[in-house]
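Undergrad: All the letters of the sequence shown, read from the start, carry residue numbers 1 to 516 under the UniProt record's numbering.
Once you've had a glance at the structure underneath, I'll fire off some questions.
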Amino acid sequence: MLSRLGAEFLAVGRISDRYFIRRCVTKITTNDGIKSPKPEYTSKRYSVKRGDFSCLEDRDIVFFKHLLDKNRVLTDPFDLEKYNVDWLKTVRGKSACVLKPRTTKEVSEIMRYCNEKKLAVVPQGGNTGLVGGSVPVFDEIVLSTELMTRFRISENNPAVVIAQAGCVLEKLDTALNQHNLMVPLDLGAKGSCHIGGNVSTNAGGVRVLRYRNLHGSVLGLEAVLADGTIFNGLSTNLKDNSGYDLRHLFIGSEGTLGVVTRVAILCSLRPKSVTTCLLAVPDFESLLKVFVVAKQRLGEIMSACEFMDSDSVACAKRNLGIEPPIQSRLYALLETHGMDSNHDEEKVDGFINQVMKEGLITDGILTSEPSKMKKLWEIRERLAEALRKEGYTYKYDVSLPFASFYKIVEVMRKRLPKTVITCCGYGHLGDNNLHFNVTTKEFDPTVLTRIEPFLYEYTKRCFGSISAEHGIGFKKRNYLYYSKNPAFVHMMAETKRTLDPNGILNPYKVLPDFEA
């Protein structure tokens, strides 16, 4: 057993001599400066027809400055640019006005006015979305939540935090540390994304396996409808079966039904024992077996089970200088959260022993040191950034059964032209969520037509979903029928027309063109 794993392994102190596993982690360099040319206007690239909305006038600006004060109304083209382009730099609008309210009442007044004047509005949080849902397509007004950053612990339930929509996920989680609580959500964009945007897109992240999605942890929310009506569903009750549970309409609606202004989130206790391991796995069949053993051996303490292929990791090395500490065709990144280190170590020992005994891994790293865990997670969490550095990213987020999960990556490699720089797969193995990515130096419509709709057709045949967690946004709206039947989509459209009869909230998003 030990000879097969290699003599270069270093023993891990707290683990018994029954196995060895390497602990050293190579220094990771960072470089956040990404210079990319401005993308083509979305409306031009995708030939979108402008809706029947009013154009912004000087008198509208006067009203907004009177309501908010001039410093919270942006009209300078230089200031507007970052609100008009998505994080991936793949879609671009031409909004002439960004509004920054601080309170729900101000959001209500903005929406009331815009609805009366028939001015289209795009709610925007941290603008970290990956499907073009948080930026204008034409000249819609951007309603930014970045100044809505207040939060408090509920007086009625000390495990619940009530937060305004503009709270940055990582800052909110750090602040909750003094209460021994954590936000039950973690994703790579945590340093920039807003909790309101997370709720509006039903963001998943790396720990859905343990803490489930936001439909379960959001106990209540407050939202402003298109006509300015304030929907107050800010309950902190764990159980409330009095009528329709309307909060779920807004969770995942991507700002098309209302502007989420406050949320009540049931937090989890911060774990006392955390372990992370990066494992080298020879093939996908072995990777699935590793996951099965992890579920059996780790049980309730497993908080994440991620996977990356070698092309993903090579991209991180090439573009960010992140040197992987082990080499493999496929990688499994697992994490445990628990309250008793002795109990957790025993479980982790049993897991590692079994996957080594069965020959499912060829190398690995195990650590409970925060700095080393952070470096291991950095490999996974910065993959999107690494891909973005190569030019244009064609990014897909699908749910697939394990029997079809990685096959699509291999199939697409054969379909794509040689102009492609990277074609890779990574994602959340624990909840069947594949992130499939392709990069080219610049946008290439030929590459796009080789991917779409083929990828969505494949997903439909496998009874998967075209959006596991990123949402539909602008980019996937006309492919919604690959996941939802016509009656379902029609009901979505009817709900939209009921709550937003003028269609001013985040137009051109979620619903197909012929239903919007």
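Using N, Cα and C, we set each Cβ at its ideal position, and we do this for glycine too.
Remember, predicted model here, so these are calculated numbers, not experimental data.
Using the C-alpha atoms, what's the distance from D58 back to P123?
TA: Here the question's residue 123 lines up with position 123 in the sequence shown. Here the question's residue 58 lines up with position 58 in the sequence shown. Between P123 and D58, the C-alpha separation is close to 21 angstroms.
Undergrad: Are the beta-carbon atoms belonging to S200 and I265 less than 9 angstroms from one another?
TA: Translated into positions along the sequence shown, residue 200 becomes position 200. Translated into positions along the sequence shown, residue 265 becomes position 265. No, they are not a contact pair.
Undergrad: Nearest CA to the CA of N213: which residue from T495, D431, F514?
TA: Taking the first residue of the sequence shown as 1, we reach residue 213 at position 213. Ranking T495, D431, F514 by Cα distance to N213 puts D431 first.
Undergrad: Leaving aside the five residues before and after E515 along the sequence, list all residues of the same chain whose C-beta is less than 8 angstroms from its C-beta, in chain order.
TA: Translated into the one-based positions of the sequence shown, residue 515 becomes position 515. For E515, where only same-chain residues beyond five positions count, the Cβ hits under 8 angstroms are V489, H490, M492, A493.
Undergrad: Within its chain, find whatever has a CB closer than 8 angstroms to the CB of F402; leave out the 5 residues flanking it on each side and keep chain order.
TA: Position 402 of the sequence shown, counted from the start, is the residue given in the question as residue 402. Counting only Cβ-Cβ distances below 8 angstroms, and skipping sequence neighbours, we find L288, N432.
Undergrad: Please state the DSSP three-state secondary structure of T145.
TA: Position 145 of the sequence shown, counting from 1, holds the residue named residue 145. Residue state, collapsed to three classes: coil.
Undergrad: Is it the case that the segment 141-156 contacts the segment 108-123, given that we only count it when at least three CB pairs across the two stretches are under 8 angstroms?
TA: Yes, since at least three Cβ pairs between the segment 108-123 and the segment 141-156 fall closer than 8 angstroms, the two stretches touch.
Undergrad: Considering only the beta carbon of each residue, do G425 and Y406 sit closer than 9 angstroms?
TA: In the sequence shown, counting from the first residue as 1, residue 425 sits at position 425. In the sequence shown, counting from the first residue as 1, residue 406 sits at position 406. Yes. Within cutoff.
Undergrad: Between which two residues does the beta strand (DSSP E) harbouring Q124 extend?
TA: In the sequence shown, residue 124 corresponds to position 124, counting from 1. Start and end: 121-124.
Undergrad: Report the rounded CA-to-CA distance for C423 versus F64, giving the unit in angstroms.
TA: The sequence position of residue 423 within the sequence shown is 423, counting from 1. The sequence position of residue 64 within the sequence shown is 64, counting from 1. So the two alpha carbons sit approximately 46 angstroms from each other.
Undergrad: Around the C-beta of F351, are 16 or more other C-beta atoms found within 10 angstroms, so that it is buried, or is it exposed?
TA: By 1-based counting over the sequence shown, the position of residue 351 is 351. F351 should be labelled buried.
Undergrad: Can you give me the C-alpha to C-alpha distance between L257 and V73, rounded to a whole angstrom?
TA: The count along the sequence shown starts at 1 and reaches residue 257 at position 257. The count along the sequence shown starts at 1 and reaches residue 73 at position 73. Roughly 24 angstroms between the two C-alpha positions.
Undergrad: Shortest alpha-carbon distance to H194 belongs to which of D76, A163, V208, R207?
TA: In the sequence shown, residue 194 corresponds to position 194, counting from 1. It is A163.
Undergrad: Please look up how many angstroms separate the CB atoms of residue 537 and I361, rounded, as I've assumed it's under 8 angstroms.
TA: A question about residue 537 goes unanswered here, because the residues of the chain that appear run from 1 up to 516.
Undergrad: Consult DSSP for N198 and reduce its assignment to one of helix, strand or coil.
TA: Start at 1 with the first residue of the sequence shown, and residue 198 comes out as number 198. In the structure shown, N198 sits in a helix (DSSP, three-state: H, G or I).
Undergrad: Against chain C, does D311 count as a neighbour if the rule is that its beta carbon must be under 9 angstroms from one of theirs?
TA: No chain C is present in this structure, which holds just one protein chain.
Undergrad: Looking at G216 and G233, is the spacing between their C-beta atoms short of 9 angstroms?
TA: For the purposes of this step, residue 233 is identified with residue 233 of the sequence shown, where counting begins at 1. For the purposes of this step, residue 216 is identified with residue 216 of the sequence shown, where counting begins at 1. No, they are not a contact pair.
Undergrad: Compare the beta carbon distance of L448 and Y508 with 9 angstroms and say whether it is the shorter of the two.
TA: Taking the first residue of the sequence shown as 1, we reach residue 448 at position 448. Taking the first residue of the sequence shown as 1, we reach residue 508 at position 508. Cβ atoms of L448 and Y508: not closer than 9 angstroms.
Undergrad: Expressed to the nearest angstrom, what Euclidean distance is found between the alpha-carbon atoms of S483 and Y458?
TA: Here residue 483 refers to the residue found at position 483 when the sequence shown is read from its first residue. Here residue 458 refers to the residue found at position 458 when the sequence shown is read from its first residue. So the two alpha carbons sit approximately 11 angstroms from each other.
Undergrad: Are the segment 182-196 and the segment 151-170 touching by the rule of at least three beta carbon pairs closer than 8 angstroms?
TA: Yes, the segment 182-196 is in contact with the segment 151-170.
Undergrad: Compare the Cα-Cα distances from P324 to each of L269, K272, G299, R382 and report the closest residue.
TA: Working through the sequence shown from its first residue, we reach residue 324 at position 324. Residue R382 is the option with its Cα nearest to P324.
Undergrad: What distance in whole Å lies between the Cβ atoms of G132 and R42, which are believed to be in contact at a cut-off of 8 angstroms?
TA: On the sequence shown, position 42 is the one that residue 42 refers to. On the sequence shown, position 132 is the one that residue 132 refers to. The residue you asked about is not Arg; residue 42 is Thr in the sequence shown. Indeed they touch by this definition, with Cβ atoms about 7 angstroms apart.
Undergrad: Could you tell me which of G464, F454, S368 sits nearest to S404, measuring between CA atoms?
TA: Counting from one through the sequence shown, the residue named residue 404 turns up at place 404. That would be G464, whose Cα lies nearest to the Cα of S404.
Undergrad: Answer with buried or exposed for residue 520, where buried requires no fewer than 16 other C-beta atoms within 10 angstroms of its C-beta.
TA: The structure shown does not extend to residue 520, since the chain is modelled only from 1 through 516, so no value can be given for it.
Undergrad: Does the beta-carbon of E306 have 16 or more other beta-carbons within 10 angstroms, so that it is buried, or is it exposed?
TA: Position 306 of the sequence shown, counted from the start, is the residue given in the question as residue 306. The residue is buried, with at least 16 neighbouring Cβ atoms inside 10 Å.
Undergrad: Where does I352 fall in DSSP's three states?
TA: The residue given as residue 352 occupies position 352 in the sequence shown. Three-state result, I352: helix.
Undergrad: Pull up the distance between the alpha-carbon of C97 and that of F436, whole angstroms please.
TA: Within the sequence shown, the letter at position 97 stands for residue 97. Within the sequence shown, the letter at position 436 stands for residue 436. Approximately 35 angstroms, taken between the alpha carbons.
Undergrad: Report the rounded CA-to-CA distance for A175 versus N485, giving the unit in angstroms.
TA: Locating residue 175 in the sequence shown gives position 175, where the first residue counts as 1. Locating residue 485 in the sequence shown gives position 485, where the first residue counts as 1. Those two C-alpha atoms are separated by around 43 angstroms.
Undergrad: Taking the alpha-carbon positions, what's the I28 to K357 distance?
TA: As a working mapping, residue 28 is identified with position 28 in the sequence shown. As a working mapping, residue 357 is identified with position 357 in the sequence shown. With a pLDDT of 30 at I28, under the threshold of 50, the modelled position of that residue is not reliable, and the figure given next carries that caveat. Answer to the nearest angstrom: the Cα atoms are 31 angstroms apart.
Undergrad: Helix, strand or coil for M308 per DSSP?
TA: As a working mapping, residue 308 is identified with position 308 in the sequence shown. Looking at M308 - three-state DSSP - the assignment turns out to be strand.
Undergrad: What residue range is occupied by the uninterrupted alpha helix (DSSP H) comprising Y83?
TA: The residue you call residue 83 lines up with position 83 of the sequence shown. Taken as a continuous stretch (DSSP letters only), the alpha helix (DSSP H) holding Y83 covers 77-84.
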